[in-house]
Amino acid sequence: MFFVFLHMVKIKLSLLFIAFVSVLHAQNEGLPVDLRQHNLTDSNSSILNPAFSSNYGNTHSVGLWSRWQWQTVDGDPTTFFLNYTGKINNSSSIGAGFYQHNTDVYLNTGGVLNYAYRYDFNDRASLTFGLNFFAYQQEFSGNPFQGDPQILLPFFTPSEDFILQFAPGVQFAYDGLRIGFSSENMFDYNMAEKEGNTASDEKIFLGTVSYDIPVSLGASDSTSVIRPMLYIKSIPTYDTQVGLSAVLSTNKFWAQAGYNSFYGIAIGGGGRIMKRFSIGALVEFGTDSDLKGNDPTVEFTTAYDFGRAVTRKKADRIDREEEPKEEELEQIADVDELSKELTKAEALALKREARQKDISERKRKRDSVIREKKANDDLAVQMRKDQKQRLDSIAKAEKNKALVDTQKLRMQQQMDSINTAKIAAENAAKEEQLQAELIKQAELVKQTEEEKPKAGEKYEEVVGEDGLKPGYYLIANVFGTKRYLDAFKADLTKKGLQPKSFLRSKNKLNYVYLGRFDSMSEARKARDSKFDGRYTEKTWIYRVVPK
C-alpha cells in the first residue's frame, strides 16, 4: 500500500508540474511542440509529409537537416534529422533515419522509418500514401523556467519514457499541382505509462498545396522549376500557422524564400556539386512583436544522391532498344528519295516568294515617300503657328511689363507709409512680449516647486518616451504579457472606465493609465481622490518630459 501511495503521489505531482509548465509557457508565448520542419521543400522533406519521399525520383540518397531555433550555430541544434531515402520500384519508396528534437520542455531522441506507395491513375494524375513511424525516448530537456531561475520544483523527479508514434500522410498530384495532408502524431503510445501519449485534442495536422512551374535558365538546363507552396498547420493550444514559400530549383543551385505567421520571414539557398552533392542554409527572422529580441533561427541542410537504381535486366533492355532495325533503315532510304523530288517544288516556291517580296518592297518605298511628304507639310503648318504665337507672346510681355512697373511704384508709396506704423507696432509688441516672458518665468518657477516629488510619493519620470505626449499619467498597473493586459483593460471598461496603455521601449512593459494631466497638481488630485472615487486601487504618477 505504501508503494502504491508513493506511485499516486508521483503521478499527481507530475500532472501538477505539466499543468504549471503549460500555464507559464502560455504567459511567455512558448515554443510550439511540433517538428518546425515547414521550410523543407526538397531533400529531407519526408519528415514534413511521409508521402513526399515519392517526389525524389528513382534515386537513393542520404540527407541531413538541422535547425537552431532562436540561437547561434555554436550551440546544440534544437532539431537534428539524418536519413536515407530510396526507391524500391516505380511505385514504392522507403526511408530510415535518426532524429533528435527539443520541444523546449522534452528532448526526444530516436529513429524514424518511412514508407510511401504511389498509385498512378494515368500519366498525369497519381495518389500517394505515406507513413512515418517514430520510436524515441522522451526526457526532460532541463529547467523549462529559463526566464525565472527562482522557480524551483523540489518534489519533481524527471522520468524517461519510450514513445511509439505514427504519422500518416497523403498526396494527390495532377501534372504540376500537388495537394498534401498529414499528421505528426495521429497515433502514439507511451510504453512506460501503458497509454496514449497525447489526447484526441492534441493532434497536429498539416495541409499543403504547391504547383511546379517549369522554367529554362539555359540551353543545358531542362529540369529547373519554380515551386510556390501554401500550407496551413494546426497545433494544439496555439494559433493556427499559415505559411507561404517559394523555391527556385535548378541542377546547379536552389534559392527559396517564405513566410510563416508565427516564425516570420525565411530566406535561404544552396548549391549542387556535380548534380550529386547538395549543401545549403536558411535564416529565419521573427516578425511578430512577441518574438522581438530573439536571435534568428538558422537551418542547415545537405544531401548526397547516389543516382538512379538500374537493374541488369533493365540495362539489357535499353541496349536492345538502341540497336537499329533493318526496317527503320529502309524507311530512312525512302525518305532520302522523297526529299530529292521535293527540291524542284521548293525551288518554284522560293521563286514565287522572291517575286512577292519584290512587289512588297516597291509598295513599301512608295508609301514611305507619301508619308514623308505629308510630314513635311504638317511641319510647315506647325512652324507658321509657332511664329505667330511667339510674336503674340512678345507683345503681351511688353504690355505686362508696363503694368507691373506702375503697380510697383504705387506699392512702394504704400509701403513707405505702412513701415512707419509698423515700427511703432513692433515696439509695442516687444514691450508686451517682455512682460509676458516675465510672467511665464514666474509661473515656471512656481510649477517647478509643485512638480518636485513629495516624501514617500511613488513617482517616475522619463525624457521623451516614443509616441507619448509630454505630461503626467496616472498609472494603474504594469504588465509584461499582452493576454493579461487585455484582460485588465477589459475589466476596467466593464466598471465604466476608459483605460489606455503604452509600451515602454526600455523595459518592454505595458503601462495601463486612467488619464493624462497637464500638471502635477491635477495628477495628484486625481490620485488622492481615487480618480473621483471610480478606482479604489493604488495608483502612481508617471511623468513624460519633452526632449
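If you use mature numbering (1 follows the signal peptide of the UniProt record, and there is no 0), the sequence shown corresponds to residues -26 to -1, 1 to 521, in order. Glycine residues also receive a C-beta, built at the ideal position from the N, C-alpha and C atoms. Note that the structure is a prediction, hence the values are computed from the model and not measured.
- Ranking Pro51, Ser342, Pro520 by CA distance to the CA of Gly438 puts Pro520 first.
- DSSP places Gly507 in the uninterrupted alpha helix (DSSP H) bounded by 504 to 507.
- Its Cα nearest to that of Pro142, the residue Asn159 stands out among Tyr233, Asp332, Ile253, Asn159.
- Note on Phe108: 16 or more other CB atoms within 10 angstroms of its CB, so buried under the neighbour-count rule.
- By the CB criterion at 7 Å, Val79 and Tyr58 fall outside the cutoff.
- The Cβ atoms of Asn18 and Trp39 lie closer than 7 Å to each other.
- In the DSSP assignment, Leu471 falls outside any alpha helix (DSSP H), carrying neither H nor E.
- Taken in chain order, the complete beta strand (DSSP E) segments of 3 or more residues contained in the stretch 48 to 77 are 53 to 61, 66 to 76.
- Take the alpha-carbon of Ile187 and the one of Thr53: they are about 31 Å apart.
- Per DSSP, Leu265 lies in no beta strand (DSSP E) and is assigned neither H nor E.
- When the Cα atoms are used, Leu483 and Glu511 turn out to be separated by approximately 20 Å.
- Ser219 is positioned such that its CB atom lies closer than 7 Å to that of Gly232.
- Contact annotation, Ile253 with Thr224: C-beta distance approximately 15 Å; criterion of less than 8 Å not satisfied.
- Distance from Leu488 to Thr513 at the Cβ level is roughly 7 Å; contact confirmed, criterion being Cβ atoms closer than 8 Å.
- The DSSP-derived three-state label of Asp149 is coil.
- Excluding residues up to 5 positions away in sequence, His12, Tyr205, Gly232, Tyr233, Asn234, Ser235 lie with their Cβ nearer than 7 Å to the Cβ of Gly217 in the same chain.
- Per the coordinates, the alpha-carbon of Phe505 lies some 16 Å from the alpha-carbon of Lys432.
- Between the beta-carbon of Ser66 and that of Tyr91 there is about 5 Å, and that keeps the pair under the 8 Å contact cut.
- At a Cβ-Cβ threshold of 7 Å, Gly445 and Asp492 count as neighbours.
- The DSSP-derived three-state label of Met160 is coil.
- Collapsing the DSSP output to three states places Lys432 in coil.
- DSSP places Ser40 in the strand class (E or B) of the three-state scheme.
- For Gln407, no pairing in a beta bridge is given by DSSP.
- Taking 7 Å as the cut-off, the Cβ atoms of Arg508 and Leu448 do not count as close.
- Here Gln409 is exposed, its C-beta having fewer than 16 other C-beta atoms within 10 Å.
- A distance below 7 Å separates the beta carbons of Ile137 and Asn171.
- Counted as a single uninterrupted DSSP element, the beta strand (DSSP E) harbouring Gln112 occupies residues 99 to 114.
- A Cβ-Cβ separation of about 37 Å leaves Val47 out of contact with Phe103 under the 8 Å criterion.
- Each residue's CA atom was taken as its position, placing Gln330 and Lys339 some 15 Å apart.
- Per DSSP, Ala25 lies in no beta strand (DSSP E) and is assigned neither H nor E.
- In the DSSP secondary-structure assignment, Gly441 is not bridged to any residue.
- Pairing Ser503 with Thr271, the inter-Cα distance amounts to about 51 Å.
- Inter-residue distance for Gly69 and Leu222 is about 25 Å (C-alpha atoms, whole angstroms).
- Per DSSP, Asp94 is one residue of the beta strand (DSSP E) stretching across 80 to 94.
- Boundaries of the beta strand (DSSP E) around Ile206: 199 to 208.
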